[in-house]
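Input: a single structure, listed below in structure tokens.
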Amino acid sequence: MVPASDATARIIADNWRRVQDEVVSACGAASRAASEVRIVGVSKYVPPELAWQLASSGCGILGENRPQSLWDKFEYFSQTMSGNPAGRLAGPTQWHLIGHWQRNKVRRTLPMLAALHSLDSLKLAQAVSEEAQSQNLQLPVLVEVNISGDASKTGLSAEALKAFFDRAVGLSGLQICGLMAMSSLTAEPLAARREFEAVRQLRDKFQENYQGQVQLDELSMGMSGDFAEAIAAGATLVRIGTRLWRGIL
Ligand SMILES: *Cc1c(COP(=O)(O)O)cnc(C)c1O
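When we follow this note's numbering, the leftmost residue of the sequence shown carries the number 3, and every step to the right adds one.
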């Protein structure tokens with residue numbers, strides 16, 4: 003694969019700087035410390051060499067929604083790192099899976115992951131738990147909630163969450179650390195804000211009900227079009243794609 007051109011590299015570095023600035027502003031507007039919110043750079047739109055470019059601009063967390071694409075990029079990063087001992091990255095890249103994880107892909111993907119945002123069934127939780135124990139790993143996971151009630155959206159309904167938590171909190175090998183959600187595609191900013199607030203309230207409720215069993219510190223919500231609303235509602239992880247690839251795609 004060919005490395006990114008200088009012009010492309012500059013655009014990506016500029017986009018990354020702007021997105022960081024915008025996230026800092028959104029934190030300020032919400033009277034929150036900028037350190038409370040981490041940006042997951044969603045690299046699913048681009049080939050590995052452009053994801054690498056984003057990482058070398060300073061984005062330390064990359065999100066992919068398909069295991070296969072995550073494998074490809076993980077492999078490219080490993081090779082690029084090893085062919086480049088001085089290292090152009092300030093630190094290791096954390097890979098976050100933000101889309102559906104087929105159970106037959108758990109074994110291969112697990113050792114590459116720093117976190118899973120999209121835990122969406124008890125069956126998957128059980129498969130991850132089993133595999134994590136056999137690989138002697140502990141995976142931080144967020145439970146995906148379908149807050150919009152939109153049938154086309156993935157995630158557990160708010161009603162299904164309790165039954166899920168009852169069974170999942172006891173599983174070894176996974177550490178349930180928060181909730182993930184997407185706003186409705188059609189949501190206006192105010193409506194998106196209300197949906198994100200509802201997710202935070204769910205988190206607060208489950209934190210209270212399962213006190214001592216889980217520590218739900220993370221809220222993964224907000225994408226290119228609505229991260230300011232998500233930050234106002236308490237997001238700790240924003241998943242930003244399109245905005246980072248402006249001028250490239
Ligand atoms: C693609 C994707 C994103 C990024 O969305 P943008 O609107 O491109 O910023 C965030 N979360 C998930 C789950 C995605 O699949």
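We put the beta carbon where it would ideally sit given N, CA and C, even for glycine.
Next on the checklist: Quick check: the segment 56 to 64 against the segment 14 to 28, are at least 3 beta-carbon pairs closer than 8 Å?
Outcome noted: Under the three-pair Cβ rule at 8 Å, the segment 14 to 28 counts as touching the segment 56 to 64.
Item to check | Length at least 3, wholly inside the segment 76 to 107: the beta strand (DSSP E) runs in chain order | outcome: 96 to 99
Checklist entry - In chain order, what residues of the same chain have a beta carbon less than 6 Å from the beta carbon of V216, not counting five sequence neighbours either side? => result Excluding its 5 nearest sequence neighbours in each direction, V216 has C-beta neighbours in its own chain below 6 Å: V171 and I178, listed in chain order.
Next on the checklist: I believe V44 touches I100 by the beta-carbon criterion, under 8 Å. Please report the beta-carbon distance rounded to the nearest angstrom.
Outcome noted: 7 Å
Item to check | Per-residue DSSP class, three states only, for Q55 | outcome: Note: Q55 maps to helix in three-state DSSP.
Checklist entry - Which parts of the segment 147 to 197 are runs of the beta strand (DSSP E), unbroken and 3 residues or longer, counting only runs that do not cross its ends? => result 176 to 183
Item to check | Distance, Y212 Cα to I149 Cα | outcome: In a straight line, the C-alpha of I149 is about 20 Å away from that of Y212.
Item to check | For P50, the nearest candidate out of I13, W73 and R105 (CA to CA) | outcome: W73
Item to check | N- and C-terminal bounds of the beta strand (DSSP E) containing A116 | outcome: L115 to L121
Checklist entry - Are the segment 67 to 86 and the segment 29 to 39 touching, with three or more C-beta to C-beta distances below 8 Å? => result no
Item to check | Same chain only: Cβ atoms within 8 Å of S64, ignoring 5 sequence neighbours per side | outcome: The amino acid at residue 64 is misidentified as Ser; the sequence shows Leu. Cβ within range, chain order: V42, G43, V44, S45, A53, L56, A57, K75, T95, Q96, W97 and H98.
Checklist entry - Assuming F166 contacts V145 under a Cβ cut-off of 8 Å, what Cβ separation, rounded to an integer in Å, is found between them? => result 7 Å
Checklist entry - Which residues, in chain order, sit with a beta-carbon under 5 Å away from any heavy atom of ligand 1? => result V44, N67, I100, M225, S226, R241, I242, G243 and T244
Checklist entry - Which of helix, strand or coil does DSSP assign to L218? => result If DSSP states are grouped into helix, strand and coil, L218 belongs with coil.
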